[in-house]
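Going by UniProt numbering, the sequence shown opens with residue 1, and the numbers climb by one from there.
Ideal Cβ positions, reconstructed from N, Cα and C, are used throughout, including at glycine.
Here's the structure we're looking at; comments come further down.
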Amino acid sequence: MGAGGGQASRRGIEPCAVPALRRYVRRLYRPVRVALLYGAHRFLMPCAARGSDAPGGAEPGGLMSSRMTRRTVLGGSLSAVAAMSLPLPVHAAGHGRTDEAATRYGKVRGKREDGIVKFLGVPYAQPPLGKLRFKSPKPPARWSGVRDAVSFPNPAFQVVGGEMGPTGNGRMPAPSEDCLYLNIWTPAADRKRRPVMFYNHGGGYMIGSGSATGQDGTRLAQLYDVVVVESNHRLGLLGYLFLGDLADGDYAANQGMLDILAALRWTSENIDNFGGDPDNIMVWGESGGGAKTAAVHTMPEAARLFHKASIESVAPLRFPTRDGATVRAERTLHLLGLTKNDIPKLSDIPAARLLEIQVSEAANGVAPWGDPAPLPGFGAFVDGGVIPRHPFADGAPSWSAGKPLMVGTCRDETVFFSLFGPPDVFRLDEAGLRSRLSGTYQGAELDRIIATFRRSRPKATPAQLYFAITTSPIWRDAIKIAEAKAAQHAAPVFMYQLAYQDPTVVPGTDFPLGSPHASDIPMKFANVGLDQLPGKRATARHMSALWAGFAHYGHPTARGVPRWPAYTPKDRATMWIDTDCGIAYDPDKKERLFWQRRA
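Written out as structure tokens, the structure reads:
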């Protein structure tokens with residue numbers, strides 16, 4: 001497969017840096033093993049708009065530099081939902097004509113710009129404030145007249161990201177508990193029944209927004225005649241503190257996932273007035289958003305509300321348990337100086353104080369999910385009702401059996417997480433490789449895993465072997481998801497790997513970025529800018545078209561890309577996504593067999 005690199009002129013882009021969030025993410029995602037599961041994101045986008053490439057468009061002359069400063073890589077290539085993307089042009093509100101659409105709760109007025117109609121900040125539930133904190137979402141109140149839906153809504157309450165509030169670039173307001181809104185990008189608010197792409201943003205259940213630049217739905221709607229929907233929903237402690245086994249009352253389990261369910265139900269009930277087809281809804285997401293998508297795939301109540309799914313750069317076979325979530329709640333009460341009898345007081349504690357507890361737990365090494373000790377953090381868990389079972393540990397859920405599924409990863413996922421620390425890891429020698437891996441593998445097992453990956457990748461440097469080994473568990477578990485889905489013999493599952501090798505080097509080293517975690521998102525949204533390398537733009541054209549093809553037909557298909565066969569354990573057909581796409585059969589077989597024998 002082609003690397004799609006090429007020489008580039010030296011042109012840097014100044015990032016909008018957010019040091020506080022950088023420190024938070026470093027603490028939150030310290031263990032690489034944890035990072036493999038859900039991913040850490042920051043929304044640090046380049047400050048200058050450079051436009052976006054269109055499928056089939058002419059190749060512009062200007063290219064982005066393949067040598068950048070460390071600050072530029074950290075700022076310009078990492079995002080709450082995207083990496084290495086450029087913002088779309090921002091048009092002043094009020095320019096162009098507006099469009100209106102009816103919902104069950106009242107009419108909304110969007111704005112027509114960039115050749116589509118955008119409905120921004122449409123309420124899908126009541127604000128979860130006061131006594132509604134930690135409760136299931138309630139339907140929005142009806143309104144009279146026409147409500148403006150022309151500005152991005154509040155993100156969920158969280159550590160402030162790069163595009164949020166007065167310190168951001170003005171794209172969206174500051175985070176708030178009043179966050180249950182969604183955004184819609186549609187070619188027209190008519191009655192044409194277009195495929196709906198319902199996207200769950202990433203951020204490990206802790207950070208992120210459905211309004212972030214890298215996942216802006218404009219280009220998908222423009223190019224592929226689809227309707228894109230993205231929701232904001234409760235995150236972290238406010239979204240996943242479970243009080244149901246500690247107090248009487250109607251305290252919810254997985255309230256953040258119930259928000260997503262409410263947004264999905266709203267979409268099913270209303271999207272036909274926005275040009276969408278309620279009988280053709282694709283649920284998809286990357287990293288933490290992929291985990292949310294796996295949760296939706298596991299929720300019986302959601303089964304009638306979507307028709308296909310894509311789980312990306314995450315492979316959640318299991319979720320934490322109800323008992324673990326209860327222990328986490330008991331610890332949270334203790335840290336707040338409360339007892340079980342004081343639980344009603346939680347409605348009155350400032351959200352900022354709750355966020356302090358959440359951040360301090362991250363700083364103490366408590367992960368935002370249940371795999372590492374000592375306790376599960378704040379994220380989706382098996383509560384026995386909303387989420388009645390693990391996603392794929394015991395096979396795929398029967399109620400989603402008939403829904404086509406995509407699953408896959410980036411080739412170099414864990415490169416992303418090492419960008420937050422010193423660059424030494426990108427210059428490892430053999431001793432450094434063994435030292436780095438010794439926290440997870442010891443003795444003969446360490447020898448075997450290094451030998452296996454060296455046979456599989458004979459030209460790899462020690463640093464490249466390190467990232468291959470630390471990335472491979474997520475690929476291993478993605479294969480398990482595909483096997484579980486294929487075993488149902490009810491609907492196809494399609495495996496992929498983003499293999500494009502970005503030649504941009506990590507500052508202070510000669511190590512190329514490759515395809516790190518989150519680098520796929522601007523590609524899938526067709527938001528790779530004109531200043532990017534031609535290979536990246538070509539890869540983005542393939543990837544966005546394939547995802548839109550899946551939304552349209554339930555089978556990922558695109559012009560200029562080979563036919564993508566469904567995955568089966570017999571041939572293990574996998575789409576290798578690059579400047580020139582191709583089908584790989586049982587890629588990295590030696591590595592797969594190593595993990596299979598180790599299980």
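Excluding sequence positions up to five before and after Asp272, its CB lies within less than 6 Å of the CB of Pro278, all in the same chain and listed in chain order. When the beta-carbon positions are compared, Gly202 and Gly288 come within less than 9 Å of each other. The alpha-carbon of Pro565 is positioned some 27 Å away from that of Gln215. Linking Ala252 to Arg328 through their CA atoms gives a straight-line distance of about 15 Å. For Gly121, the enclosing beta strand (DSSP E) stretches over residues 116-123. For Thr186 and Val528, the gap between their C-alpha atoms comes out near 20 Å. Distance check between Gly395 and each of Leu355, Ile116, Val150, Ala478 places Ala478 closest, using alpha-carbon atoms only. Within the same chain, and ignoring the five residues on either side of Gln488 in sequence, the residues whose Cβ sits closer than 7 Å to its Cβ are Ala396, Ala401. Under a 10 Å Cβ-count criterion, Pro155 is classified as buried, with 16 or more other Cβ atoms of the shown protein chains found around its own Cβ.
Note: Asp148 is bridge-paired with Arg109 in the DSSP secondary-structure output. Straight-line measurement puts the Cα of Asp429 at about 29 Å from the Cα of Asp578. For Gln497, the pairing in a beta bridge is given by DSSP as Thr409, Trp576. The three-state secondary structure of Lys308, taken from DSSP, is strand.
In this structure Asn254 is buried. Its beta-carbon is surrounded by 16 or more other beta-carbon atoms within 10 angstroms.
With respect to the 9 Å criterion, Gly508 and Pro423 are classified as neighbours on the basis of their beta carbons.
In the DSSP annotation of this structure, the continuous segment of the alpha helix (DSSP H) that includes Asp477 starts and ends at 462-486. Rounded to whole angstroms, the Cβ separation of Trp576 and Gln497 is 6 Å, and the two are in contact under 8 Å.
The shortest C-alpha to C-alpha distance from Tyr567 to any of Tyr553, Ile521, Pro587 is the one to Pro587. Within the same chain, and ignoring the five residues on either side of Phe467 in sequence, the residues whose Cβ sits closer than 7 Å to its Cβ are Asp412, Thr414, Val415. Just measuring C-alpha positions, the residue of Lys480, Ile469, Arg476, Ala538 sitting nearest Tyr500 is Ala538. Ranked by how close their Cα comes to the Cα of Ala599, the residues Ala545, Phe319, Lys135, Pro473 have Pro473 in first place.
The beta carbon of Gly130 sits closer than 6 Å to the beta carbons of Ser347 from its chain, once the five residues preceding and following it are set aside; these are given in chain order. If only uninterrupted beta strand (DSSP E) runs of at least 3 residues are considered, none is enclosed by the region 311-397. Rounded to whole angstroms, the separation of the alpha carbons of Leu220 and Ala526 is 6 Å. Within the same chain, Cβ atoms closer than 7 Å to the Cβ of Glu269 are found at Arg104, the five residues on either side in sequence being excluded. Taking the C-beta atoms as reference points, Ser515 is found nearer than 9 Å to Cys410. With contacts defined as CB atoms closer than 9 Å, Gly161 and Ile207 qualify as a contacting pair. The region 191-240 contains, as complete beta strand (DSSP E) runs of 3+ residues, the segments 194-200, 227-231 (chain order).
For Asn270, the uninterrupted alpha helix (DSSP H) segment begins and ends at 255-270. Of the residues Val226, Gly324, His334, Asn200, the one whose Cα lies closest to the Cα of Ile116 is Val226.
When the beta-carbon positions are compared, Arg194 and Arg147 stay at least 9 Å from each other. Leu593: member of the alpha helix (DSSP H) spanning 589-598, first to last residue. If you compare the alpha carbons of Gly554, Leu317, Ala174 with that of Phe152, the shortest gap goes to Ala174.
When the five nearest sequence neighbours on each side are left out, the beta carbons in the same chain lying within less than 6 Å of the beta carbon of Lys536 are those of Val528, in order along the chain. The C-alpha of Arg322 lies about 12 Å from the C-alpha of Leu246.
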